[in-house]
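Going by full-length UniProt numbering, 147 is the number at position 147 of the sequence shown; the sequence numbering is gapless.
Virtual Cβ for every residue (Gly too), placed ideally from N, Cα, C.
It should be emphasised that the depicted structure is a prediction, and the values quoted were computed from it without experimental measurement.
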Amino acid sequence: CKRFFFSNLKLKIVTITTELGHFCPFTCQLYDYHFVNESMKWTEAQQFCRKHFTDLATVTNRTDLETLKTLKGNSRGAWIGLHYEAGVSETFHWSQPGLEFNKTDANWNVGEPNGGKDETCVALCEGCKWVDLLNTKKLNVTKMVEMFNLQIRKCT
1 CKRFFFSNLK LKIVTITTEL GHFCPFTCQL YDYHFVNESM KWTEAQQFCR
51 KHFTDLATVT NRTDLETLKT LKGNSRGAWI GLHYEAGVSE TFHWSQPGLE
101 FNKTDANWNV GEPNGGKDET CVALCEGCKW VDLLNTKKLN VTKMVEMFNL
151 QIRKCT
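Encoded structure:
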């Protein structure tokens, strides 16, 4: 995945919703993902997610990544909740407060992250590899932002 793929790209919004209060065994995926078409920057997407759901998605394991890869389909890019605050911290962290970013969970594309202080937000690209991008970019094709609702899914 190369950064130029995102120059003419909008991302879709993905919601992750689940049912609260049900036990979920380890073999079960904790979140359901749903696409919602919108066009916005990373911070706009974060605000939208927090208003209508809970927050941007956190990718914590291979199952999450494979599910997003399947849902992403032919879409070439997808925002995730990973970012850092320029001028405050150059350590990546998840949008959801209290969740620690574990570097071993990262799925960076070759040469990423490469943006230094200007590229503070992370998106999925082809192959579900992660790239860092400018927060100020308003992508122009079909925007995929992952959102989630912190609830536990009922497994049947």
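W79 beta carbon less than 9 Å from that of C128: no
When Q47, R50, S95 and T58 are compared against D105, the one with the closest alpha-carbon: T58
Compare the beta carbon distance of D132 and E100 with 9 Å and say whether it is the shorter of the two. no
Which of helix, strand or coil DSSP assigns to D105: helix
Express the C-alpha separation of T70 and H83 in angstroms, rounding to a whole number. 23 Å
Could you say which of N114, N61 and R50 lies nearest to P97 if we only look at CA atoms? R50
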